[in-house]
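Position 10 (the sequence shown) corresponds to 62 in this note's numbering; numbering is contiguous. Heads up, the beta-carbon is just placed ideally off N, CA and C, and yes, glycines get one too.
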Amino acid sequence: MADKLRVYTSPSAFPNPQRLRLFALEKGIEDELEEVVYDMSPGGDQRKWPHLKMNPWGETPTLQLADGSYLAETAGIVRYLDLAYPGRRITGETPLEQGQDAMWDDRIWVHILYRIVTMFHVMHTGLGFKLELTHNPAWGEHSRKEALSHAALVNRHLSDGRDWILGGDEPTFADITLAVSIAFSKFPVNNTPLDERFEYLDYYWNRWKERESFKRGYADGGSGLEELEYLKRT
Ligand SMILES: N[C@@H](CCC(=O)N[C@@H](CS)C(=O)NCC(=O)O)C(=O)O
């Protein structure tokens with residue numbers, strides 16, 4: 053593939069574009085992508101009509117393909133890029149690994165990350181009232197409890213001494229989703245730091261912090277986390 057693919061993203065605090073960014077770095081294809089980084093709020097370009105024409109869901113990431121069409125949903129974009137480019141299969145090498153990676157990614161995205169994202173939106177109206185349509189603290193509080201109870205299950209899974217979710221030597225896509233879930237749990241308004249509550253998630257988070265992909269993925273200084281400020285590159 054000769055030309056770069058344009059992808060509409062957000063600063064590293066925003067977990068879904070960050071899943072894609074970390075994936076690209078793990079895969080070694082970051083130079084194949086040309087990022088257009090939205091500020092998300094207060095601008096809200098993701099919900100303006102030019103972006104809605106590309107992705108009616110009004111979210112990032114959105115990938116523009118070489119033929120001018122678009123692909124959205126992080127897992128869909130990642131699956132496409134993982135198959136389209138050579139190199140380590142981040143979504144699993146074997147059919148079984150692919151099934152296991154999808155299983156864990158779903159569990160983590162639906163039950164942990166999406167719950168924290170919901171809390172961010174409905175409890176904290178995190179993007180501000182121009183963009184947020186619902187303020188419902190009780191829903192946010194319920195989502196937070198769900199995220200914590202599922203994080204406890206993942207913590208137990210990691211307690212057998214494995215480094216990564218599937219038990220291999222390197223992280224897969226489910227691990228990327230878990231890394232950004234922990235990061236977003238620590239985002240100031242969310243203030244539910246999973247690494248402080250769960251022993252094996254703490255070791256796991258520190259393992260990620262040693263990885264080159266992680267250091268480069270957070271080099272924009274846009275994570276909102278003081279503890280990652282040192283990774284900022286100008
Ligand atoms: N299901 C989508 C979710 C994407 C998503 O929620 N993106 C967030 C950033 S992490 C977003 O663009 N939010 C903008 C908004 O709600 O206005 C995916 O997996 O990519």
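According to DSSP, residue pairing for Gln152 in a beta bridge does not occur.
With a cutoff of 8 Å on beta-carbon distance, Met92 and Ser121 are scored as not near each other. For Arg167, there is no enclosing beta strand (DSSP E); the enclosing alpha helix (DSSP H) covers residues 166-174. Burial state of Trp156 is buried, judged by a 10 Å Cβ sphere holding 16 or more other Cβ atoms. When DSSP states are grouped into helix, strand and coil, Val89 belongs to the strand group. Where Arg196 is concerned, there is no enclosing beta strand (DSSP E), although the alpha helix (DSSP H) around it starts and stops at 189-210. A direct Cα-to-Cα measurement between Asn243 and Arg259 gives close to 21 Å. Short of 7 Å from the beta carbon of Leu77, and not among the five residues preceding or following it, lie these beta carbons of its own chain, in chain order: Ser265, Arg268, Gly269. Taking 7 Å as the cut-off, one finds at least one heavy atom of ligand 1 near enough to the beta carbon of Gln98. Taking the Cβ of Asn242 as the reference point, every heavy atom of ligand 1 lies at 7 Å or farther away. Between ligand 1 and Gly276, a heavy atom-to-CB distance of less than 7 Å is absent. Looking only at Leu165, Ala190, His163, Ile164, the smallest Cα-Cα distance to His176 is reached by Ala190. In the DSSP secondary-structure assignment, Arg58 is bridged to Glu86, Gln116.
Contact between Ala65 and Ser233 is absent: CB atoms are separated by about 13 Å, not below the 8 Å threshold.
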